[in-house]
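**Q** Listed in order, the protein sequences are those of chains H and F.
One point on numbering: in our numbering, the residue at position 376 of the first sequence is 376, and numbering is uninterrupted.
Add 1000 to the 1-based position in the second sequence for our numbering, that's all there is to it.
All C-beta atoms in this analysis are idealised placements derived from N, C-alpha and C, irrespective of residue type, glycine included.
A single structure is presented below for examination.
Protein chains: 2
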Amino acid sequence: MVRDDQKRKRVLVLGGGFGGIYTAMALEKSLRRDEAVEIVLINRENYMVFQPMLAEIISGSIEILHTIAPIRRLCPTVTLHVREVESIDLENKVVSTSPGFRPHAHTIEYDYLILALGNVLNFSIMPGLEEHALPFKNLGDAIFLRNHIIHALEEADIEEDQDLRRRLLTFVVAGGGFSGVEVAAELNDFVHRVVRHYRHISPDELKVILLHAGPRILPELPEDLGIYAQNILRRRGVDIRLNTRLTAATADEAVLDVEERVPTKTLVSTVPGAPHPLVAALPCQKERGRIVVNGFLEVVGYPDVWALGDCAFIIDQKTGEPCPPTAQYAVREGRCIAHNILAAMRGMPKKPFSFAVLGLLGALGHRSAVAQILGMKFSGVFAWLLWRAIYLMKLPGLDRKVRVAADWLLDILLPPDIVQLRTSRTQSLAREHFEPGEIVFRQGDLGDRLYIIEKGEVEVVKEEEGGVEKVVAKLGPGQCFGEMALVSDAPRMATVRPLTGLNVLTIQRGAFRTLFDHLPSMRETFEEVIERRQAG
Amino acid sequence: MVRDDQKRKRVLVLGGGFGGIYTAMALEKSLRRDEAVEIVLINRENYMVFQPMLAEIISGSIEILHTIAPIRRLCPTVTLHVREVESIDLENKVVSTSPGFRPHAHTIEYDYLILALGNVLNFSIMPGLEEHALPFKNLGDAIFLRNHIIHALEEADIEEDQDLRRRLLTFVVAGGGFSGVEVAAELNDFVHRVVRHYRHISPDELKVILLHAGPRILPELPEDLGIYAQNILRRRGVDIRLNTRLTAATADEAVLDVEERVPTKTLVSTVPGAPHPLVAALPCQKERGRIVVNGFLEVVGYPDVWALGDCAFIIDQKTGEPCPPTAQYAVREGRCIAHNILAAMRGMPKKPFSFAVLGLLGALGHRSAVAQILGMKFSGVFAWLLWRAIYLMKLPGLDRKVRVAADWLLDILLPPDIVQLRTSRTQSLAREHFEPGEIVFRQGDLGDRLYIIEKGEVEVVKEEEGGVEKVVAKLGPGQCFGEMALVSDAPRMATVRPLTGLNVLTIQRGAFRTLFDHLPSMRETFEEVIERRQAG
């Protein structure tokens, strides 16, 4: 991008979370008309997610789009690029973004850079998590989870296999911090509120399990509030498992470190975040993966670069303590950076960052919450009203405030919604993980995908007359199975079981057919494989 | 599925549109407690779409989920299967559905069958439609279109290429019936209302074009109302092209029969429906693809099978005229079938179907509409108020009525929403269509996908120093191109242009890499191809 005016300074903000947006808003507000400054913000979506209300999407007490606010309305004079950041070049002061409709690289030069990229969920820490656990971080995750829950209820209502029913009606949430507790509470409320519409499901069949590695949930809060929350949730039927960790996940089970496997089709993980890959790639100094800044929030060694929020390692200048990665801090950090950038431009003194937390709030669903505000502790209905009042106040934009208030009002008056909005199409290529003792597929099943082994081993077993089993093959990495059912319409001719932990790549029937029909090399390979199998 | 009670009769309804739902609702209401009848309904979603309000999702004046109603709430005693119907066996009185979580075929026996499957959009009638036109029939289509429009505005706001800007800011709707007119009107209103948030787009750049094959739009209405609607839309800036048909579509253009190509990234098609594939496969008598029924709406030749709505060919028993495929008729047909099934069970006389249409309503966006009710004609604000009042009344369920009324109220008070909810992930395998004169990709572009030719021919051209072009290859069906940029990170090394109409299958970079890494046969093939290309 060519700079149209050489004298105009460009401030480039990367990231549209609390940190990035509040920096841009504060800058926009403080700029004088005679200051030739352009603010550019890059974010992958054209909205900011109001995280504290995200869990309410599960139960539908807030409309899907009301927990998010359009960035163009929050910062009307900012130039917004709805793109992914692809690389950051601190030496040449250039950032490049993903292509839009045209497949062209797009680069943006800057005078001042603000890094507010947040962090990402870390799903690589245990087998099967990436393939089978549901994340809970952004709007798409919340919508997906809600629909998945409704889908599970729909299926359970007409399912006669008791084992599968149990899996469908068991919901597991891993992580007992604020996020995990709010998800478990909302999920539990929602399934119990709507179950009466599913005539073949009894409320006793519903099971919500919250896994937490520590001795009590909500470690961020004082002990008595944590215990209070625990008691409330247990009374509502949530099965809280303390001192328990998830160790692996499959399509059918959550595997725990206490030698237990919980059969479930719904596993939500709120595992701790990992550094954003772009931050990891930066050459600057880092502490536990976060960018080290000085007291003015400037990145050490790069005078025109600033960092804040979850991606920065910030020391409070009064207490000397590291600042927690919360929205409360990100908002204040943003204002501090806006002040300091303007000070740098105007040649005025900069301000060191310091902030004392005002309070902590956690919603427990169904009209109760826990809160610690200015040292005082609250719980129950009063804390819940406080929660709603405070977050409604903090929600950016008047139109959003009105819309959410209307949602809450209607939610009290009207029954909850159970329409399932399918947002994801089946991926034609996917990865799956299996644990030993599970079954990949059974003889007689319909064949809907082909499997290619990435890691691990399987045995192929034929059931013969009289229930006798015969192992017909063992397969390992690079080999594939399940192709027979894809080229003919016959059901699976054998059962396949993993002998070890197993990672597979799967290709859906439709995609397989397309590739088979159009790629001669692929057709030849599989025709050979099939011939060999049939001969063997 | 085993029948638990042999004496219990099962009524099976296929389809959850107006026809299916109103039949089930009427049956549920009229059944006596002592009648052992089970009603089962199969639909691919757990909600019914209220079609007349679908277009309002585009502008966001109704919340996404409020135009749909949960089937479980409309018919609480009906057993709902959220599945696809896979086959209908009229001889053995069995229907089979798609598998759910378990890959097992699922069959349901019936005593009485009601076919309310509707019709499907017919996108196979011209080249490129299936690949590049946006349908407008169900909820997913409406959400997709809304997000696509916002995406186009986001991109246009930061795009400097004038040609691409024009394509992004031109929106084409094909079909001047009720559906097409409502979409064009809402779309036009929406882009003009939100454009002020896009500071680099001038309202003059926005172009909405409505194509219609006949001499005036809304042929369903009397001439003066059609002309009135035409004038209103033209005054608001909609470019209405009469006597004009779409003949082909590509990713960049709408090709018209008047030897014109309209550059656009947004083409909505509301083409006439084709018979549902399941209906097409039935052995019963059909007229223009629709199932022929007798005066009682029984399928001719199959005494316990009934059909209604868009999939049935119904003659009004008073006028002798065929009934139009509208919601108004479907609702009355449903009530008639419910009456007749109960009459059959109870041994009472059946009722022949007859209904006189009450009126026709078409919304034109921005507080105007046209209507013909009980022979009287209305237009303007009054017709618009009438439209809202009548449809609010007709919306099934009290909670929906309240929610939609609240939406309309807030829509008057608050600015329209511009958040973009991305619901579709990029398909790893897709089809694309190109017309001669277009360009598949340009030398120097980033390589994001591989192309395999299904039909047609291309030329591969290298630009050399001094702007000289050299044709280096011609490729035809079964051959592939674009693989070089996928195995290395280099940009496209040549330009590819279609020599004829071209259909290609594309594989996205990520999917290609996965296949390349895990399928040895694929790797070998492409390594060979690349070696040959580099040598050549």
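Can you give me the C-alpha to C-alpha distance between E35/H and I1240/F, rounded to a whole angstrom?
**A** Position 35 of the first sequence, counted from the first residue, corresponds to residue 35/H. Position 240 of the second sequence, counted from the first residue, corresponds to residue 1240/F. Those two C-alpha atoms are separated by around 46 Å.
**Q** Can you pull the chain A residues whose beta carbon is under 9 Å from the beta carbon of D1399/F, in chain order?
**A** Among the protein chains of the structure shown, namely H and F, there is no chain A.
**Q** Count the other CB atoms within 10 Å of the CB of S1179/F; is the residue buried (16 or more) or exposed (fewer)?
**A** On the second sequence, residue 1179/F is found 179 positions in, with the first residue counted as 1. Burial call: buried.
**Q** Check this for me: beta carbons of G175/H and E220/H, under 8 Å apart or not?
**A** Start at 1 with the first residue of the first sequence, and residue 175/H comes out as number 175. Start at 1 with the first residue of the first sequence, and residue 220/H comes out as number 220. Against a cut-off of 8 Å, the Cβ pair of E220/H and G175/H comes out as no contact.
**Q** Which residues, in chain order, does the region 213–232 of chain H contribute to contact with chain F at a C-beta distance below 8 Å?
**A** Cβ contacts with chain F: none found.
**Q** Is the distance from the Cβ of H81/H to the Cβ of I143/H below 8 Å?
**A** One-based indexing of the first sequence puts residue 81/H at position 81. One-based indexing of the first sequence puts residue 143/H at position 143. No, these two residues do not count as a Cβ contact at 8 Å.
**Q** List the residues of chain F whose Cβ lies closer than 8 Å to the Cβ of K265/H, in chain order.
**A** Reading the first sequence from its first residue, position 265 is the one you call residue 265/H. Per Cβ cutoff of 8 Å: F1101.
**Q** With respect to the beta strand (DSSP E) encompassing N43/H, which residues constitute its N-terminal and C-terminal limits?
**A** Residue 43/H sits at position 43 when you count from the first residue of the first sequence. V37 to N43 is the extent of the beta strand (DSSP E) around N43/H.
**Q** So G1019/F and E1333/F are in contact, right, with Cβ under 8 Å, and what is the actual spacing, rounded?
**A** In the second sequence, residue 1019/F corresponds to position 19, counting from 1. In the second sequence, residue 1333/F corresponds to position 333, counting from 1. G1019/F to E1333/F, Cβ: 6 Å. Contact.
**Q** Note down, in chain order, every chain H residue with its Cβ under 7 Å from the Cβ of E1063/F.
**A** Sequence index remark: in the second sequence, residue 1063/F carries index 63 (1-based). Chain H residues near E1063/F: E63.
**Q** Step through the CB atoms of chain H and report whether any lies within less than 8 Å of the CB of D1489/F.
**A** By 1-based counting over the second sequence, the position of residue 1489/F is 489. It does not; no Cβ of chain H falls within 8 Å.
**Q** Whole angstroms are fine: how far does the CA of M1126/F sit from the CA of G478/H?
**A** On the first sequence, position 478 is the one that residue 478/H refers to. On the second sequence, position 126 is the one that residue 1126/F refers to. Cα to Cα, the separation comes out at about 42 Å.
**Q** Less than 8 Å between the C-beta atoms of V461/H and V471/H, yes or no?
**A** One-based indexing of the first sequence puts residue 461/H at position 461. One-based indexing of the first sequence puts residue 471/H at position 471. The answer is yes: Cβ separation under 8 Å.
**Q** Looking only at its own chain, which residues have a Cβ that is under 8 Å from the Cβ of G444/H, when we skip the five neighbours before and after it?
**A** Taking the first residue of the first sequence as position 1, residue 444/H is located at position 444. P491 and R492, listed in sequence order.
**Q** Using a Cβ-Cβ distance under 8 Å, would S428/H count as near chain F?
**A** Translated into the one-based positions of the first sequence, residue 428/H becomes position 428. Yes, contact with chain F.
**Q** In its own chain, which residues sit with a C-beta less than 7 Å from the C-beta of P1203/F, not counting the 5 before and 5 after it?
**A** Here residue 1203/F is taken as the residue at index 203 of the second sequence, counted from 1. Only H1192 and V1195 meet the Cβ criterion.
**Q** Can you tell me where the beta strand (DSSP E) with S269/H in it begins and where it stops?
**A** Sequence index remark: in the first sequence, residue 269/H carries index 269 (1-based). Per DSSP, S269/H belongs to the beta strand (DSSP E) from T266 to S269.
**Q** Against N1046/F, what residues of chain H qualify as contacts under a CB-to-CB distance less than 8 Å, listed in chain order?
**A** Sequence index remark: in the second sequence, residue 1046/F carries index 46 (1-based). Neighbours of N1046/F on chain H, chain order: I150, E154, I418, V419 and Q420.
**Q** What is the rounded straight-line gap between the Cα of D4/H and the Cα of I1201/F?
**A** One-based indexing of the first sequence puts residue 4/H at position 4. One-based indexing of the second sequence puts residue 1201/F at position 201. With a pLDDT of 48 at D4/H, under the threshold of 50, the modelled position of this residue cannot be trusted; read the value that follows with caution. Rounded to the nearest angstrom, the two C-alpha atoms are 17 Å apart.
**Q** Between the region 1482–1511 of chain F and chain H, which residues of the former have a C-beta closer than 7 Å to a C-beta of the latter?
**A** Residues passing the 7 Å Cβ filter: L1505 and A1511.
**Q** Between the region 1455–1478 of chain F and chain H, which residues of the former have CB atoms less than 9 Å from a CB of the latter, in chain order?
**A** Within the region 1455–1478 of chain F, the residues whose Cβ lies closer than 9 Å to some Cβ of chain H are G1478, listed in chain order.
**Q** In chain H, which residues lie less than 9 Å from M1522/F when you measure between Cβ atoms?
**A** Taking the second sequence and counting its residues from 1, the one referred to as residue 1522/F is at position 522. Those are L515, L519, S521, M522 and T525, listed as they occur along chain H.
**Q** Runs of 4 residues minimum, wholly inside the region 1215–1261 of chain F: which ones carry the alpha helix (DSSP H) assignment?
**A** Runs found: 1223–1235.
**Q** Look at the Cβ atom of G1060/F, then the Cβ atom of D1417/F, and state whether they are nearer than 8 Å.
**A** On the second sequence, position 60 is the one that residue 1060/F refers to. On the second sequence, position 417 is the one that residue 1417/F refers to. Cβ distance < 8 Å, so G1060/F and D1417/F count as in contact.
**Q** Which complete alpha helix (DSSP H) runs does the region 1425–1500 of chain F hold, if anything under 4 residues is left out?
**A** Within the region 1425–1500 of chain F, the complete alpha helix (DSSP H) runs of at least 4 residues are 1484–1487.
**Q** Taking only the alpha-carbon atoms, compute the straight-line gap between A1343/F and Q420/H and give it to the nearest angstrom.
**A** Here residue 1343/F refers to the residue found at position 343 when the second sequence is read from its first residue. Here residue 420/H refers to the residue found at position 420 when the first sequence is read from its first residue. Cα-Cα distance, rounded: 35 Å.
**Q** Report all residues from its chain with a CB closer than 7 Å to the CB of G380/H; omit the five preceding and five following residues, and keep chain order.
**A** What you label residue 380/H is simply residue 380 of the first sequence in a count that begins at 1. Cβ neighbours of G380/H beyond the five flanking positions: S368.
**Q** Following the continuous alpha helix (DSSP H) through A1389/F, name the residue where it begins and the one where it ends.
**A** To locate residue 1389/F, count along the second sequence from 1; it is residue 389. Unbroken alpha helix (DSSP H) run through A1389/F: V1381 to K1394.
**Q** Please name the residue in E527/H, M484/H, A330/H and A494/H whose C-alpha comes closest to that of E464/H.
**A** Counted from its first residue, the first sequence places residue 464/H at position 464. E464/H has its Cα closest to that of A494/H, out of E527/H, M484/H, A330/H and A494/H.
**Q** Compute the distance between the beta-carbons of P1283/F and L1090/F, then report whether it is under 8 Å.
**A** As a first step, residue 1283/F must be located in the second sequence, where it is residue number 283. As a first step, residue 1090/F must be located in the second sequence, where it is residue number 90. Yes, Cβ-Cβ distance for P1283/F and L1090/F is below 8 Å.
**Q** What are the start and end residues of each continuous alpha helix (DSSP H) run of 4 or more residues lying completely inside the region 122–192 of chain H, in chain order?
**A** Qualifying alpha helix (DSSP H) stretches, in chain order: 129–132, 139–158 and 162–168.
**Q** One question on the structure: do E1084/F and T1097/F come within less than 8 Å of each other, judged by their Cβ atoms?
**A** In the second sequence, the residue the question calls residue 1084/F occupies position 84. In the second sequence, the residue the question calls residue 1097/F occupies position 97. Yes, they are a contact pair.
**Q** Taking C-beta pairs closer than 8 Å, name the residues in chain F that L441/H reaches, listed in chain order.
**A** In the first sequence, the residue the question calls residue 441/H occupies position 441. Note that residue 441/H corresponds to Phe in the displayed sequence, not to Leu. The contacting residues are P1103.
**Q** Going by alpha carbons, who is nearest to I114/H out of E454/H, Y391/H and E298/H?
**A** As a working mapping, residue 114/H is identified with position 114 in the first sequence. Checked all of E454/H, Y391/H and E298/H; the closest Cα to I114/H is E298/H.
**Q** Going by DSSP in three states, E528/H sits in which element: helix, strand or coil?
**A** Here residue 528/H refers to the residue found at position 528 when the first sequence is read from its first residue. The answer is helix: DSSP assigns E528/H an H, G or I state.
**Q** For R1290/F versus P1303/F, is the C-beta spacing smaller than 8 Å?
**A** Your numbering for residue 1290/F matches position 290 in the second sequence. Your numbering for residue 1303/F matches position 303 in the second sequence. Contact flag unset, no.
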